[in-house]
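As they're listed, the protein sequences go chains U and X. Going by the working numbering, the first sequence opens with residue 110, and the numbers climb by one from there. Going by the working numbering, the second sequence opens with residue 55, and the numbers climb by one from there. Right, one structure below, let's go through it.
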Amino acid sequence: MKYLLEYRDPDLAANIVREIARTVTRPWVIMEVCGGQTHSIVRYGIDQMLPDDVELVHGPGCPVCVTALETIDRAHAIASLPDVIFASFGDMLRVPGSSGDLLALRGRGADVRIVYSPLDAVTLARANPDKRVVFLGIGFETTAPANAMALVQAKRFGVRNFSMLLSHVLVPPSMAAILQAPDNRVQGFLGPGHVCAVVGTRQYESLAARYRVPIVVTGFEPIDLLQGILMVVRQLEAGRAEVENQYARTVSRDGNPIAKALLGQVFEITDRKWRGIGTIPKSGYRISDEYRAHDADRVFEVRDIRTREPAVCMSGLVLRGLKKPCDCPAFGRACTPQTPLGATMVSAEGACAAYFQYGRRAKRAEAPAPKTAEVAP
Amino acid sequence: MALTTRDGLPFADVRFGGVSREVCLACQPDVVPGDFVLVHVGLAIAKIDRQQAERAWEVLQAIGQTSEVAS
Chain U
110 MKYLLEYRDP DLAANIVREI ARTVTRPWVI MEVCGGQTHS IVRYGIDQML
160 PDDVELVHGP GCPVCVTALE TIDRAHAIAS LPDVIFASFG DMLRVPGSSG
210 DLLALRGRGA DVRIVYSPLD AVTLARANPD KRVVFLGIGF ETTAPANAMA
260 LVQAKRFGVR NFSMLLSHVL VPPSMAAILQ APDNRVQGFL GPGHVCAVVG
310 TRQYESLAAR YRVPIVVTGF EPIDLLQGIL MVVRQLEAGR AEVENQYART
360 VSRDGNPIAK ALLGQVFEIT DRKWRGIGTI PKSGYRISDE YRAHDADRVF
410 EVRDIRTREP AVCMSGLVLR GLKKPCDCPA FGRACTPQTP LGATMVSAEG
460 ACAAYFQYGR RAKRAEAPAP KTAEVAP
Chain X
55 MALTTRDGLP FADVRFGGVS REVCLACQPD VVPGDFVLVH VGLAIAKIDR
105 QQAERAWEVL QAIGQTSEVA S
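Listed below in structure tokens is the structure:
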């Protein structure tokens, strides 16, 4: 079985890097869509192993990062209500809203809890019938089946005090939006492996054909990523624009039929606003009418959301692959994982957090010597 | 891997390295003890395909050999 550790083999990595160097004849810009891939690329220094002609740019595939500020602020308003237990994934607690994060709200007395799974939030609601339990359901197609399952269980067992504030986003419309932008630089994609484990690679075929762009659905280990890059470069050099599957041990053309049926049962496609990017048509899920009793957007009427983004934060440009985190003047200074200005500095899948964690600091930020060094013997 | 059913859904204990956690198998009902699964927020969303894994590994080894011969 070749699943994990074999995919970190340094000799094999060196071979693939040499093969990429032998294949490439001119500059190419490739975007990895998924935040998990971004994290691995920065962690293992994949981008620094590549020939100068192959540039990687980071995409919008960090679900926490692209959750709209309005949704975060709405979450704050609901979590502030006295009879509410507000549940979320850990990362979401630290995403800055217009006035602080959910963790700070908890510090002020709100009942905000971390859960591992949306199903755990349903269990929480059944254990607390005198409270209203609200789960903030965010993510891409990877997370959507678990959220849908939680809604099915809540309806099935009549858990009336459970609702979900849903802000689901879909990958293909965001890729189309990037490709349509006049300032687009992306010529090929590493497609999102785990998203495609659910929906399959077939969904990307029309995108590749329409925009004449190679898409290689890729895994998350160093060898996966390097092989995916090699496959994209080979397509670009040959003038091909196809969907290929590097991650075939986990992903099939049709994905997971049970999960897809669940999504069709519980969700409907809707326009969705992405933080840092704007509204993308038909780029998200909303809860269908059949499950409206568990839709927090309909259960709680929240008005007067007035959002405020920090002016200096460049996360929108980072999410579209137009800037690197260390291009931002606030990176590593005013904005750190301890004091994040934007969501890309919060999540483990955020490009800014990955750059910070693995020491990709801007040279200008490192240039001044520490003052203590000047007086030390 | 201990299989259980709760609230009409199948669950199993799945080992992640040294840590064991209960995972819902509703979207992968055919897995058996010893299988490798991809788990996301408590739900198994894919089963690792052994044959595809072996095939992929052969392709990777071939890349290595080609490069070694060429270099």
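Cβ atoms here follow ideal geometry from the backbone N, Cα and C, with glycine treated the same way.
- Item | U:R183 classed as buried or exposed, judged by whether at least 16 other C-beta atoms fall within 10 angstroms | Against the first sequence, residue 183 of chain U aligns to sequence position 74. The residue is buried, with at least 16 neighbouring Cβ atoms inside 10 Å.
- Run through DSSP, which three-state label would U:F465 get? Sequence index remark: in the first sequence, residue 465 of chain U carries index 356 (1-based). DSSP places U:F465 in helix when its eight states are reduced to three.
- Query: If we cut at 8 Å on Cβ distances, does X:V73 have a partner in chain U?
  - Reply: Translated into positions along the second sequence, residue 73 of chain X becomes position 19. No, no contact with chain U.
- Between which two residues does the alpha helix (DSSP H) harbouring U:V243 extend? For the purposes of this step, residue 243 of chain U is taken as the residue at position 134 of the first sequence. Per DSSP, U:V243 belongs to no alpha helix (DSSP H); it is in the beta strand (DSSP E), R241 to G248.
- Message: Our contact map puts U:F271 next to U:A230 with C-beta atoms below 8 Å; I'd like the distance itself, whole angstroms only.
- Response: The residue you call residue 271 of chain U lines up with position 162 of the first sequence. The residue you call residue 230 of chain U lines up with position 121 of the first sequence. That belief holds up - the Cβ atoms of U:F271 and U:A230 are roughly 7 Å apart, short of 8 Å.
- Task: Tell me where the alpha helix (DSSP H) around U:I396 begins and ends.
- Result: Along the first sequence, one-based indexing puts residue 396 of chain U at 287. It is not in any alpha helix (DSSP H) - U:I396 instead sits in the beta strand (DSSP E) that spans G387 to I396.
- Message: Between the alpha carbons of X:V95 and U:S226, how many angstroms are there, rounded?
- Response: If you number the second sequence from 1, residue 95 of chain X lands on position 41. If you number the first sequence from 1, residue 226 of chain U lands on position 117. Roughly 5 Å separates the two Cα atoms.
- Step through the CB atoms of chain X and report whether any lies within less than 8 Å of the CB of U:Y394. For the purposes of this step, residue 394 of chain U is taken as the residue at position 285 of the first sequence. At a cut-off of 8 Å between beta carbons, U:Y394 makes no contact with chain X.
- Task: Please name the residue, chosen from U:G468, U:E410 and U:A317, that lies closest to U:C435 on a Cα-to-Cα basis.
- Result: Counting from one through the first sequence, the residue named residue 435 of chain U turns up at place 326. Checked all of U:G468, U:E410 and U:A317; the closest Cα to U:C435 is U:G468.
- What in chain X is Cβ-close to U:A306, meaning under 7 Å? On the first sequence, position 197 is the one that residue 306 of chain U refers to. Chain X residues near U:A306: L92, I99 and A100.
- Query: Within the chosen definition, does the stretch 244-261 of chain U reach the stretch 414-428 of chain U through at least 3 CB pairs nearer than 8 Å?
  - Reply: Not touching, per the Cβ criterion.
- Message: Under 8 Å: do the stretch 71-84 of chain X and the stretch 205-212 of chain U share three or more Cβ pairs, one atom per stretch?
- Response: In this structure the stretch 71-84 of chain X does not touch the stretch 205-212 of chain U; the number of beta carbon pairs closer than 8 Å is below three.
- Item | Closest Cα partner of U:I194 within the set U:P446, U:S456 and U:I223 | Translated into positions along the first sequence, residue 194 of chain U becomes position 85. Closest by alpha carbon: U:I223.
- Work out the CA separation of U:L113 and U:H277 for me, nearest whole Å. Numbered from its first residue, the first sequence carries residue 277 of chain U at position 168. Numbered from its first residue, the first sequence carries residue 113 of chain U at position 4. For the pair U:H277 and U:L113, the Cα-to-Cα distance works out to about 29 Å.
- Query: What's the gap between the Cα of U:D200 and the Cα of U:A306?
  - Reply: Here the question's residue 200 of chain U lines up with position 91 in the first sequence. Here the question's residue 306 of chain U lines up with position 197 in the first sequence. If you take the alpha carbons of U:D200 and U:A306, they lie about 23 Å apart.
- Query: Is U:R412 helix, strand or coil by DSSP?
  - Reply: The residue you call residue 412 of chain U lines up with position 303 of the first sequence. Here U:R412 sits in coil by DSSP.
- Distance CB(U:E487)-CB(U:A317) smaller than 8 Å: Limits of chain U in this structure are 110 at one end and 486 at the other, which puts residue 487 of chain U out of reach.
- Message: DSSP three-state label for U:S283, please.
- Response: Taking the first residue of the first sequence as 1, we reach residue 283 of chain U at position 174. Correct three-state label for U:S283: helix.
- Message: Can you pull out the residues from the stretch 134-159 of chain U whose beta carbon lies closer than 9 Å to at least one beta carbon of chain X?
- Response: Within the stretch 134-159 of chain U, contact with chain X at the beta-carbon level (separation under 9 Å) is assigned to no residue.
- Task: Report the rounded CA-to-CA distance for U:A290 versus U:D161, giving the unit in angstroms.
- Result: Here the question's residue 290 of chain U lines up with position 181 in the first sequence. Here the question's residue 161 of chain U lines up with position 52 in the first sequence. Across the structure, U:A290 and U:D161 are spaced so that their CA atoms are roughly 25 Å apart.
- Item | Buried or exposed (CB count within 10 angstroms, at least 16 for buried), U:F249 | Position 140 of the first sequence, counting from 1, holds the residue named residue 249 of chain U. Here U:F249 is buried, its C-beta having at least 16 other C-beta atoms within 10 Å.
- Query: Can the beta-carbon of U:I287 be found less than 8 Å from the beta-carbon of U:G393?
  - Reply: Reading the first sequence from its first residue, position 178 is the one you call residue 287 of chain U. Reading the first sequence from its first residue, position 284 is the one you call residue 393 of chain U. Remark: C-beta atoms of U:I287 and U:G393 do not approach each other more closely than 8 Å.
- Item | Best match in U:K264, U:T176, U:I324 and U:T251 for proximity to U:L275 [C-alpha to C-alpha] | Working through the first sequence from its first residue, we reach residue 275 of chain U at position 166. It is U:T176 whose Cα lies nearest to the Cα of U:L275.
- Item | Option in U:R152, U:A219, U:G170 and U:Q157 with minimal Cα separation from U:H185 | Walking along the first sequence from the start, residue 185 of chain U turns up at place 76. Put simply, of U:R152, U:A219, U:G170 and U:Q157 the residue whose alpha carbon is nearest the alpha carbon of U:H185 is U:A219.
- Message: Determine, for X:L57, whether the minimum Cβ-Cβ distance to residues of chain U falls below 8 Å.
- Response: In the second sequence, residue 57 of chain X corresponds to position 3, counting from 1. Using a CB distance cut-off of 8 Å, X:L57 does not count as an interface residue toward chain U.
- Extent of the continuous beta strand (DSSP E) run through U:P238: Within the first sequence, numbered from 1, the residue matching residue 238 of chain U stands at position 129. No beta strand (DSSP E) holds U:P238; DSSP gives it neither H nor E.
- Query: Just by C-beta distance, which residues in the stretch 208-241 of chain U are closer than 8 Å to chain X?
  - Reply: So the list reads Y225, S226, P227, L228 and D229, given in the order they occur along the chain.
- Same chain, Cβ closer than 8 Å to U:R269, neighbours up to 5 away in sequence not counted: Counting from one through the first sequence, the residue named residue 269 of chain U turns up at place 160. Within the same chain, U:R269 has close Cβ partners A402.
- For U:N365, which residues does DSSP report across the bridge? The count along the first sequence starts at 1 and reaches residue 365 of chain U at position 256. In DSSP, U:N365 forms no bridge with anything.
- Proximity test, Cβ basis, 8 Å: X:D89 and chain U: Taking the second sequence and counting its residues from 1, one reaches residue 89 of chain X at position 35. Contact of X:D89 with chain U is not assigned, every C-beta pair being separated by 8 Å or more.
- Any Cβ of chain X within less than 8 Å of the Cβ of U:N124? As a working mapping, residue 124 of chain U is identified with position 15 in the first sequence. Yes, contact with chain X.
- Nearest to U:V166 (by Cα), restricted to the options U:A188, U:I139 and U:C174: Within the first sequence, the letter at position 57 stands for residue 166 of chain U. Checking every option, the nearest Cα to that of U:V166 belongs to U:I139.
- Item | C-beta atoms of U:R358 and U:T379 nearer than 8 Å | As a position in the first sequence, residue 358 of chain U is number 249, starting the count at 1. As a position in the first sequence, residue 379 of chain U is number 270, starting the count at 1. No, the Cβ-Cβ distance between U:R358 and U:T379 is not below 8 Å.
- So which residues of chain X does U:R358 contact, with C-beta pairs closer than 7 Å? Translated into positions along the first sequence, residue 358 of chain U becomes position 249. Ordered by position in chain X, the residues that pass the 7 Å Cβ test against U:R358 are I102, D103, Q106, A107 and A110.
- Message: Do U:L428 and U:G387 count as a contact pair if the criterion is CB distance below 8 Å?
- Response: The residue labelled residue 387 of chain U in the question sits at position 278 within the first sequence. The residue labelled residue 428 of chain U in the question sits at position 319 within the first sequence. Contact flag unset, no.
- Report yes if the C-beta distance between U:P282 and U:P390 is below 8 Å; otherwise report no. By one-based count along the first sequence, residue 282 of chain U stands at place 173. By one-based count along the first sequence, residue 390 of chain U stands at place 281. Yes, the Cβ-Cβ distance between U:P282 and U:P390 is below 8 Å.
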